[in-house]
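J.: Its first residue numbered 64, the sequence shown is counted upward by one per residue in my numbering.
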Amino acid sequence: MNWQKNRYKTLGVALVFALFLQIDPAMAQVNPSELAYDTDVSRRGTAAGAMLEIGVGARAEALGGAFVAVADDPSALYWNPAGITNIPAISLQATKTDWFVDTQFHAVDLVIPIRAVSSALGFHLAMLDYGTNPVRTTFRPEGTGEYYTANDFVAGLYWAMGITDRVSVGLGAKYFQQSIWHVQGSTIGVDLAILFETPIKGLKLGGALSNLGPEFGLSGRDLTRIADIDGRKDEYFNNDNVAIHLATEKYPLPLLFRFGIAYELMFNEKNSLLFASNFNSPSDDVETVDLGFEAKLLNVAYLRAGYRSLFADYAADGLTLGAGLRYKILGAAVISVDYSWTDWSILSYVNRFTIGISGYY
Numbered sequence: 064m065n066w067q068k069n070r071y072k073t074l075g076v077a078l079v080f081a082l083f084l085q086i087d088p089a090m091a092q093v094n095p096s097e098l099a100y101d102t103d104v105s106r107r108g109t110a111a112g113a114m115l116e117i118g119v120g121a122r123a124e125a126l127g128g129a130f131v132a133v134a135d136d137p138s139a140l141y142w143n144p145a146g147i148t149n150i151p152a153i154s155l156q157a158t159k160t161d162w163f164v165d166t167q168f169h170a171v172d173l174v175i176p177i178r179a180v181s182s183a184l185g186f187h188l189a190m191l192d193y194g195t196n197p198v199r200t201t202f203r204p205e206g207t208g209e210y211y212t213a214n215d216f217v218a219g220l221y222w223a224m225g226i227t228d229r230v231s232v233g234l235g236a237k238y239f240q241q242s243i244w245h246v247q248g249s250t251i252g253v254d255l256a257i258l259f260e261t262p263i264k265g266l267k268l269g270g271a272l273s274n275l276g277p278e279f280g281l282s283g284r285d286l287t288r289i290a291d292i293d294g295r296k297d298e299y300f301n302n303d304n305v306a307i308h309l310a311t312e313k314y315p316l317p318l319l320f321r322f323g324i325a326y327e328l329m330f331n332e333k334n335s336l337l338f339a340s341n342f343n344s345p346s347d348d349v350e351t352v353d354l355g356f357e358a359k360l361l362n363v364a365y366l367r368a369g370y371r372s373l374f375a376d377y378a379a380d381g382l383t384l385g386a387g388l389r390y391k392i393l394g395a396a397v398i399s400v401d402y403s404w405t406d407w408s409i410l411s412y413v414n415r416f417t418i419g420i421s422g423y424y
């Protein structure tokens, strides 16, 4: 009986093997393309220091951010520092931005012309304040009674020089710091820029490379934890309170190249129309185009409109609107007040207010 069972098993194995040999080898092969997934991966969220991408100046933002080739007020330190050579007198500007989720973004820009050498110095300060929040833990989700703060801070020093009567260049170095309670990190970034006033009256071209620098990471005592390294909780003499330090990854700053074009159509000395556009190529997002428009009335009132992030596959921001006033004080100084509104669709909207003062010229 055993030999009969073995015979049947042998015949079964031989039959299965014979059927296997009859299979078309082409059917047994797997086409690698059939295993591939169609993906559309962008670079969004791949850089640190997102605060460095928040625009400065209500006027610039009302123009949809299309300010690289305009760059004629102190906010040029953010958009295109080469433009500060066209500011004829000492100018100071402060911007307040109501950012998302009750956070506040503030910026101060100062430009000091040095006419003797066709140059200018600029100082830029900006802070994104996340406010004060309660400390919560797993065992005390309602709060421990402690509070923590968080903020991003940047301080920059800029220098610009006119190479010719039509071409100027700018160079800046900025210190960036991010703090979250007892954890913080910092790095240095560099900005490079150029501005060209073409022979065509009213037409300007500009380019800027921002945030060129080393990678950024965080460290601090809040990254220290107590852990059971080997997990032997029931073993005798086991030490389950070993201090460990959590290591964080380092990420690059958001490198941003922008090219701009602007054209001002002058009707007379007090009335004009300005058209501007930017092409943006960031390291942490897709390429986009910004458009802006400004009407100057009697050299006193300004009406502005723009649109951000054109041609992006998805963008939360879009339409921008704004207005401004310019006052002369006793022939000695000029006061400017600007406002901008930016539509952020599902994120609601953002208001910006800028006030500036400059020597009369």
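Ideal Cβ placement from N, Cα and C applies to all residues, glycine included.
Roughly how many angstroms separate the alpha carbons of Ala123 and Leu281, rounded to a whole number?
T.: To locate residue 123, count along the sequence shown from 1; it is residue 60. To locate residue 281, count along the sequence shown from 1; it is residue 218. So the two alpha carbons sit approximately 32 Å from each other.
J.: With burial defined as no fewer than 16 other Cβ atoms inside 10 Å of the residue's Cβ, what is the status of Val413: buried or exposed?
T.: The residue you call residue 413 lines up with position 350 of the sequence shown. The residue in question, Val413, is buried, as its Cβ has 16 or more Cβ neighbours within 10 Å.
J.: Hey, would you say Asp172 sits closer than 7 Å to Pro137, going by beta carbons?
T.: Your numbering for residue 172 matches position 109 in the sequence shown. Your numbering for residue 137 matches position 74 in the sequence shown. The answer is yes: Cβ separation under 7 Å.
J.: Determine the burial state of Val217: buried for a count of at least 16 other Cβ atoms within 10 Å of its Cβ, exposed for fewer.
T.: Looking up residue 217 in the sequence shown gives position 154. Classification of Val217: buried, given that the 10 Å Cβ count is 16 or more.
J.: Could you tell me which of Ile307, Trp407, Gly419 and Thr250 sits nearest to Ile289, measuring between CA atoms?
T.: Translated into the one-based positions of the sequence shown, residue 289 becomes position 226. Comparing Cα positions, the closest option is Ile307.
J.: So the beta strand (DSSP E) Glu357 belongs to, where does it begin and stop?
T.: One-based indexing of the sequence shown puts residue 357 at position 294. It spans Thr351 to Leu360 - the beta strand (DSSP E) in which Glu357 sits, taken as one unbroken run.
J.: Could you check the C-alpha separation between Leu155 and Ile175 for me, to the nearest Å?
T.: Taking the sequence shown and counting its residues from 1, one reaches residue 155 at position 92. Taking the sequence shown and counting its residues from 1, one reaches residue 175 at position 112. Cα to Cα, Leu155 sits roughly 9 Å from Ile175.
J.: For Ile251, which beta-bridge partners are listed by DSSP?
T.: Here residue 251 is taken as the residue at index 188 of the sequence shown, counted from 1. Its beta-bridge partners are Tyr238.
J.: By DSSP, does Arg321 sit in helix, in strand, or in coil?
T.: Here residue 321 refers to the residue found at position 258 of the sequence shown. Correct three-state label for Arg321: strand.
J.: Are Ala379 and Ser346 closer than 7 Å when you measure CB to CB?
T.: By one-based count along the sequence shown, residue 379 stands at place 316. By one-based count along the sequence shown, residue 346 stands at place 283. No, they are not a contact pair.
J.: Would DSSP call Asn149 helix, strand or coil?
T.: Working through the sequence shown from its first residue, we reach residue 149 at position 86. It is helical.
J.: Specify the secondary structure class of Arg106 as computed by DSSP and reduced to three states.
T.: Translated into positions along the sequence shown, residue 106 becomes position 43. Correct three-state label for Arg106: coil.
J.: Consult DSSP for Val164 and reduce its assignment to one of helix, strand or coil.
T.: Along the sequence shown, read from residue 1 onward, the residue named residue 164 stands at position 101. Val164 falls in the helix class under three-state DSSP.
J.: Looking at C-alpha atoms only, which residue of Ser181, Thr158 and Phe186 is the closest neighbour of Ala170?
T.: As a working mapping, residue 170 is identified with position 107 in the sequence shown. Ala170 has its Cα closest to that of Thr158, out of Ser181, Thr158 and Phe186.
J.: Is the stretch 120 to 134 in contact with the stretch 362 to 379, if contact means three or more CB pairs nearer than 8 Å?
T.: Enough Cβ pairs lie closer than 8 Å, so yes.
J.: Within the same chain, show all residues whose beta-carbon is closer than 6 Å to that of Glu116, passing over the 5 residues directly before and after it, in chain order.
T.: Start at 1 with the first residue of the sequence shown, and residue 116 comes out as number 53. Same-chain partners within the cutoff: Pro317.
J.: In this structure, what does DSSP give as the bridge partners for Pro197?
T.: Indexing the sequence shown from 1 puts residue 197 at position 134. Bridge partners of Pro197: Tyr210.
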